[in-house]
Amino acid sequence: MVGDKGEQLGILPILQAREQARKINLDLVEVAPTAVPPVCRLMDYGKYRFEQTKKDREAKKTQKVSLLKEIRVRPKIGEHDFDAKARSARKQLECGDKVKLTVMFRGREITHAELGLKLLKKMADSLTDIATIEGQPSLLGSRMHLTLLPKAPAKATKVKEGQETANA
């Protein structure tokens with residue numbers, strides 16, 4: 158058994174451990190059930206749970222959820238429409254989301270899959286400054302896919318005033 162301040166109280170029978178917990182108005186919590194003998198701790202369980210949920214909420218605030226956005230194009234897309242789709246992809250990448258580029262083929266267009274590949278390469282080349290390509294283009298059924306990942310933002314290394322560099 159471990160006390161409320163972390164001190165060892167020794168090996169005690171369950172009834173005696175419960176009695177000690179009741180005397181000092183704390184809860185007896187089993188922290189290592191697989192140990193031989195099992196390890197229990199005296200603590201205020203309500204306060205412990207409150208602190209855990211508080212830590213979880215703080216961790217969730219700093220977490221960034223990366224979504225996968227899809228942009229669909231056809232092999233015979235016009236130049237202006239292509240530029241609009243490229244701007245849309247750029248906007249999504251700047252927000253930190255992954256972008257899945259999809260070329261949809263209809264009917265006999267699939268016989269010219271190289272047009273779709275050329276279109277995906279053109280789109281990826283127009284976004285190389287803010288994105289990296291994940292894998293190779295893949296053809297699944299009548300659709301060709303390519304996934305782009307946003308590049309990590311460059312961290313500025315600033316030296317605060319009055320602070321010397323490590324080499325100086």
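Under my numbering, the first residue of the sequence shown is numbered 158, with each subsequent residue one higher.
Beta carbons are placed, not taken as given, at the ideal position from N, Cα and C, and that holds for glycine.
Over the uninterrupted beta strand (DSSP E) stretch that includes M200, give me the two end residues. Mapped onto the sequence shown, residue 200 falls at position 43. V196 to M200 is the span of the beta strand (DSSP E), which, as asked, contains M200.
Tell whether a beta-carbon distance below 8 Å holds between D213 and M200. Within the sequence shown, the letter at position 56 stands for residue 213. Within the sequence shown, the letter at position 43 stands for residue 200. No, they are not a contact pair.
Within 8 Å, strictly: CB atoms of A288 and K308: Counting from 1 along the sequence shown, the entry for residue 288 is found at position 131. Counting from 1 along the sequence shown, the entry for residue 308 is found at position 151. For A288 and K308, yes; Cβs fall inside 8 Å.
Are V230 and V260 closer than 8 Å when you measure CB to CB? By one-based count along the sequence shown, residue 230 stands at place 73. By one-based count along the sequence shown, residue 260 stands at place 103. Contact annotation: V230 and V260 have beta-carbon atoms nearer than 8 Å.
Answer yes if the region 266-285 comes into contact with the region 234-247, meaning at least three C-beta pairs across the two stretches below 8 Å, and no otherwise. Contact between the region 234-247 and the region 266-285 is present, with at least three C-beta pairs closer than 8 Å.
Of the residues T268, E251 and N182, the one placed nearest L225, counting alpha carbons only: As a first step, residue 225 must be located in the sequence shown, where it is residue number 68. For L225, the closest of T268, E251 and N182 by C-alpha to C-alpha distance is E251.
Taking only three categories from DSSP, how would you classify K221? Here residue 221 is taken as the residue at index 64 of the sequence shown, counted from 1. Taken through DSSP and simplified to helix, strand or coil, K221 comes out as coil.
Those residues which DSSP pairs with M301 across a bridge: As a position in the sequence shown, residue 301 is number 144, starting the count at 1. Looking at the DSSP assignment, M301 forms a beta bridge with V260 and L296.
Straight-line CA distance for L274 to K218? The residue labelled residue 274 in the question sits at position 117 within the sequence shown. The residue labelled residue 218 in the question sits at position 61 within the sequence shown. Roughly 40 Å between the two C-alpha positions.
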